[in-house]
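Throughout, this note's numbering is defined as the position within the sequence shown, counted from one, plus 13. Here a beta-carbon is modelled for each residue, glycine too, at the ideal position from N, C-alpha and C. Everything on this sheet refers to the single structure shown next.
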Amino acid sequence: AGVSAAYLRQWLYGSCRIGIYAYLLENAQNANIAAGLEKNAIPLSSKMLMGLTSGGIGSFIGTPSELALVRMSNDKKLPVDQRRNYKGVGNCIARIAKEEGAPALFTGAPATVLRACLLSACAMGITSEIKMRLSKSGYFGEGGKAFGGVPILFCATLVSSFCANTVANPFDVVKSRMQSSAAEYGSMVDCFVKTVADEGVLKLWSGFVPAFLKLAPYTVISLLLTDYITKIITGKEAL
Numbered sequence: 014a015g016v017s018a019a020y021l022r023q024w025l026y027g028s029c030r031i032g033i034y035a036y037l038l039e040n041a042q043n044a045n046i047a048a049g050l051e052k053n054a055i056p057l058s059s060k061m062l063m064g065l066t067s068g069g070i071g072s073f074i075g076t077p078s079e080l081a082l083v084r085m086s087n088d089k090k091l092p093v094d095q096r097r098n099y100k101g102v103g104n105c106i107a108r109i110a111k112e113e114g115a116p117a118l119f120t121g122a123p124a125t126v127l128r129a130c131l132l133s134a135c136a137m138g139i140t141s142e143i144k145m146r147l148s149k150s151g152y153f154g155e156g157g158k159a160f161g162g163v164p165i166l167f168c169a170t171l172v173s174s175f176c177a178n179t180v181a182n183p184f185d186v187v188k189s190r191m192q193s194s195a196a197e198y199g200s201m202v203d204c205f206v207k208t209v210a211d212e213g214v215l216k217l218w219s220g221f222v223p224a225f226l227k228l229a230p231y232t233v234i235s236l237l238l239t240d241y242i243t244k245i246i247t248g249k250e251a252l
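As structure tokens, then:
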């Protein structure tokens, strides 16, 4: 359930996040070159800010599809008489807008966007930083280009995925709870407080292992493909 919503979410959120980050990073590199500085002399904080910006924009655009994914995935868990029986992502989004109003499509948006900002800041910014540092170590060939640069990017994305999941998991828990049963919580902060008070602070990291096992392969594969395809088309690195 929710496969069509998952595809739409990745198309909207994933493509925006990676595309906007690559654009911002290239602009920063060109500015360094114009100023006579080293191309990659970009502080980690700046890279994380680029990741935060791209993640926030992509997430906001993809919030309706994220909501549809949560609703469609949880529908079969409801009692039969309470199920909405959505026919697909288009039907789900249309019904939410019609039955609950267009603003309802952005239910849980603050938690969704904040989560995406933190996740992308780590996933994109830390990947670029680690890749740059490892390329100077000499362990991955000259300029980190051993085996086409795949090993160095694999290591960088694996570490960044762990960091991103650690930071974003609490917001993922809150986002899912608000989108599946928004009536129980007055706000994102209210959801945080009630979750910690009722179930303990570690509840915010429930599902960490499966979330990491899902995020790590996705991050590794998507960024490897993005970097490889960008090199083929433009001759430049995306990260």
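Quick test of your reading: residue i and residue j, contact by CB under 8 Å. State the CB separation rounded to the nearest angstrom.
i	j	result
Gly15	Ser86	4 Å
Arg128	Ala181	5 Å
Thr208	Val186	7 Å
Leu38	Met63	6 Å
Val93	Ser78	That belief does not hold up - the Cβ atoms of Val93 and Ser78 are roughly 26 Å apart, past 8 Å.
Ile217	Thr140	It should be noted that the sequence gives Leu, not Ile, for residue 217. Not really, about 24 Å apart at Cβ, beyond 8 Å.
Ile31	Thr239	5 Å
Phe205	Asn178	Going by Cβ atoms, the distance from Phe205 to Asn178 rounds to 18 Å, so no, they are not a contact pair.
Met137	Tyr34	5 Å
Gly75	Arg146	Not really, about 31 Å apart at Cβ, beyond 8 Å.
For the alpha helix (DSSP H) holding residue i, just list the boundary residues, first then last.
i	result
Leu62	Leu57 to Asp88
Ala224	Phe221 to Thr247
Arg96	Here Arg96 belongs to no alpha helix (DSSP H), and DSSP marks it neither H nor E.
Phe175	Val163 to Ser193
Phe160	No alpha helix (DSSP H) holds Phe160; DSSP gives it neither H nor E.
Glu51	Neither: Glu51 is in no alpha helix (DSSP H) and is coded neither H nor E.
Pro116	Counting along the chain, Pro116 falls outside any alpha helix (DSSP H), and DSSP gives it neither H nor E.
From residue i to residue j, what does the alpha carbon distance come to, in whole angstroms?
i	j	result
Leu228	Trp24	16 Å
Tyr231	Glu51	31 Å
Asp88	Ile242	38 Å
Ile106	Thr120	12 Å
Glu250	Ala117	39 Å
Asn53	Pro123	33 Å
Val163	Ser174	16 Å
Lys100	Gln192	19 Å
Leu252	Gln42	11 Å
Gly161	Leu131	29 Å
Ser58	Ser189	29 Å
Lys90	Tyr26	26 Å
Ala19	Ala224	15 Å
Phe260	Asp203	Nothing can be reported for residue 260, as the shown portion of the chain is limited to 14 through 252.
Val126	Ile143	25 Å
Val83	Gly71	18 Å
Ile55	Ser28	23 Å
Leu65	Cys176	14 Å
Touch test, the segment 199 to 215 against the segment 148 to 160, Cβ-Cβ under 8 Å, three pairs minimum
no
Looking at C-beta atoms only, is the number of pairs between the segment 96 to 113 and the segment 37 to 51 that lie closer than 8 Å three or more?
no
Using 8 Å as the threshold, is the segment 156 to 171 in touch with the segment 190 to 206, meaning 3 or more CB pairs across them?
no
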